[in-house]
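>
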Amino acid sequence: MEREVWQRFKDKGLKAFAIGVKESSEQASSWAGQHGLTYPVVADPQGEIFRRFGAAVPYHIVIDRDLRIVLSTGAFEKDALIGAIEDVIKSKGRERNDL
29 MEREVWQRFK DKGLKAFAIG VKESSEQASS WAGQHGLTYP VVADPQGEIF
79 RRFGAAVPYH IVIDRDLRIV LSTGAFEKDA LIGAIEDVIK SKGRERNDL
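Residue numbers (our numbering): 29 to 127.
1) Go ahead and pull the three-state DSSP assignment for Val69.
2) Please go through the same chain and pick out, in chain order, the residues whose beta-carbon is closer than 7 Å to the beta-carbon of Val49, but skip the five residues on each side of it.
3) Which whole-angstrom value is the C-beta distance of Ala46 and Ala60, which I expect to be below 8 Å?
4) Can you have a look at His88 and say buried or exposed, based on whether 16 or more other CB atoms are within 10 angstroms of its CB?
5) Going by DSSP, name the residue or residues bridged to Ile117.
6) What is the DSSP secondary structure of Leu99, reduced to helix, strand or coil?
7) Given that a residue counts as buried once 16 or more other Cβ atoms are within 10 Å of its Cβ, and exposed if not, what is Asn125?
In structure tokens form, the structure reads like this:
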């Protein structure tokens, strides 16, 4: 995701972060460093976020500006992920009732 998505869209308003499931902050930061991530990584030591979304690992969610989920997938479906992000970016400054 770092190269395919984050680097491509970070200057267009994309906000991204990774969640370290059942990891401490230190473990999550260490993992991010080992994988060369430049977007934030947060810890979910109790797995609360993981359980709330019923997520698998990895799991990707795209949320629009109105906080609606427009894509939710457990697989890294690059084309679907990029398409959803492009749709949200294109909707900037106009009504987004169609998302």
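Note that CB positions come from ideal geometry on N, CA and C, so glycine has one too.
For clarity, every value in this text was computed on a predicted model and none was experimentally measured.
Reading it off the structure:
1) Here DSSP, grouped into helix, strand and coil, assigns Val69 to strand.
2) Asp72, Gly75, Phe78 and Val85
3) With 8 Å as the limit, Ala46 and Ala60 qualify as a contact, their Cβ atoms being about 7 Å apart.
4) buried
5) Answer is none; Ile117 lacks a bridge partner.
6) Strand.
7) Any answer about Asn125 is weak, because its pLDDT of 42 lies below 50 and its placement is not dependable; what the coordinates show is given next. Under this definition Asn125 is an exposed residue.
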